[in-house]
Amino acid sequence: MSEQTFPSHPKSVGVSHQRVEVAHKLTGDALFTGDLLLPGMLHAKVKTSPHARARILGIDTSRAEALRGVHAVLTGHEVDYRLGLYVVDKDILAKDSVRHFGEAVAAVAAETPDIASRAIELIDVEYEVLPAVLDPMEAIQEGAPLVHPDLGDYECVGWITPKAGTNICNHLKVRKGDYDKALVACAHVVENRFEVPQVQHVPLETHVSVARVDLAGRVQVHT
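Numbering-wise (the working numbering), the sequence shown opens with residue 91 and increments by one.
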């Protein structure tokens with residue numbers, strides 16, 4: 091086995107480096123996505139659900155569509171595909187039901203942010219409120235309300251194993267050694283439950299994207 095050697099004076103560790111963007115940010119010259127203003131740009135906003143779980147009985151977009159300055163109004167059935175990193179379970183816009191508070195149910199594109207906001211207020215959504223699934227331990231019990239009734243039909247990566255007919259997105263078993271034998275031989279057994287809050291990266295700029303299609307049909311996205 092060859093001996094691995096390390097330089098006596100590392101080039102990076104403990105050495106100060108000038109950040110390439112520092113001058114632009116300190117002077118306010120740096121452009122964030124929200125600073126971009128393209129010719130003819132429209133502004134999009136979404137209508138979100140006030141309920142944690144509900145059935146969508148109807149969406150009336152007529153008043154929003156009639157508002158001057160509104161160019162487009164979309165609902166879930168007009169965006170008929172899903173997204174998902176490991177399990178493809180996320181509708182772009184909710185279709186027949188909403189599964190969490192704040193889920194997008196409609197979207198508007200208008201000439202100004204104020205017009206888009208006003209159009210969102212003019213969209214009427216009729217809901218049938220359903221029992222919410224708020225506790226993970228209750229959610230995995232048999233008979234719990236199903237957040238995703240079609241969980242078993244979703245496309246997913248090979249190492250994710252959803253359990254159809256439940257709220258269990260991935261059931262993973264790890265078996266190694268004799269657990270019961272090891273437990274009996276332990277001098278002490280400590281059991282506890284640990285909870286962590288939701289985590290967000292909290293970037294300087296909130297979630298935003300600007301997209302444009304050039305004359306050649308190419309799409310450029312800033313996000």
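For each residue, glycine too, the CB sits at the ideal point set by N, CA and C.
{"Query": "Let me know the secondary structure DSSP gives Asp214 once reduced to three states.", "Result": "strand"}
{"Query": "For my contact list, Leu241 and Pro252 are in at a C-beta cut-off of 8 Å; report their separation, rounded to the angstrom.", "Result": "5 Å"}
{"Query": "Is the beta carbon of Val169 less than 8 Å from the beta carbon of Ile182?", "Result": "yes"}
{"Query": "Which of the three DSSP states, helix, strand or coil, is assigned to Val112?", "Result": "helix"}
{"Query": "Quick one, are the C-beta atoms of Arg143 and Pro221 less than 8 Å apart?", "Result": "yes"}
{"Query": "Do Ala184 and Ala194 count as a contact pair if the criterion is CB distance below 8 Å?", "Result": "yes"}
{"Query": "Rounded to whole angstroms, what is the Cα-Cα separation between Gly174 and Asp186?", "Result": "18 Å"}
{"Query": "Where Ala134 and Ala200 are concerned, what is the direct C-alpha to C-alpha distance, given to the nearest angstrom?", "Result": "6 Å"}
{"Query": "Quick one: grab the DSSP three-state call for His261.", "Result": "coil"}
{"Query": "Have a look at Thr234 and Leu224 and give me their C-alpha separation to the nearest angstrom.", "Result": "In the sequence as displayed, the identity of residue 234 is Ala instead of Thr. So the two alpha carbons sit approximately 11 Å from each other."}
{"Query": "At 3 residues or longer, what runs of the beta strand (DSSP E) sit wholly inside the region 162-202?", "Result": "194-200"}
{"Query": "DSSP state of Leu314, grouped into three classes?", "Result": "This structure cannot settle anything about residue 314, because the visible part of the chain is limited to 91 through 313."}
{"Query": "Keeping to the same chain, check which residues put their C-beta closer than 7 Å to that of Arg172; ignore five residues upstream and five downstream.", "Result": "Val178, Asp179, Lys180 and Asp181"}
{"Query": "Grouping DSSP H, G and I as helix and E and B as strand, with all else coil, what is Ala134?", "Result": "strand"}
{"Query": "Do Val292 and Thr123 count as a contact pair if the criterion is CB distance below 8 Å?", "Result": "no"}
{"Query": "Just to confirm the assignment, what range does the alpha helix (DSSP H) spanning Asp270 have?", "Result": "Tyr269 to Ala275"}
{"Query": "Excluding sequence positions up to five away, which residues of its chain have a Cβ less than 7 Å from the Cβ of Val353?", "Result": "In the structure as shown, the chain begins at 91 and stops at 313. Residue 353 is therefore absent and cannot be evaluated."}
{"Query": "Buried or exposed for Lys137, going by 16 or more other Cβ atoms inside 10 Å?", "Result": "buried"}
{"Query": "Hey, out of Gly255, Ile250 and Val286, whose CA is closest to His238's CA?", "Result": "Gly255"}
{"Query": "Could you check the C-alpha separation between Thr313 and Asp304 for me, to the nearest Å?", "Result": "17 Å"}
{"Query": "Would you mind stating whether Leu157 and Leu212 have Cβ atoms separated by less than 8 Å?", "Result": "yes"}
{"Query": "Hey, out of Arg109, Phe191 and Ile230, whose CA is closest to His141's CA?", "Result": "Phe191"}
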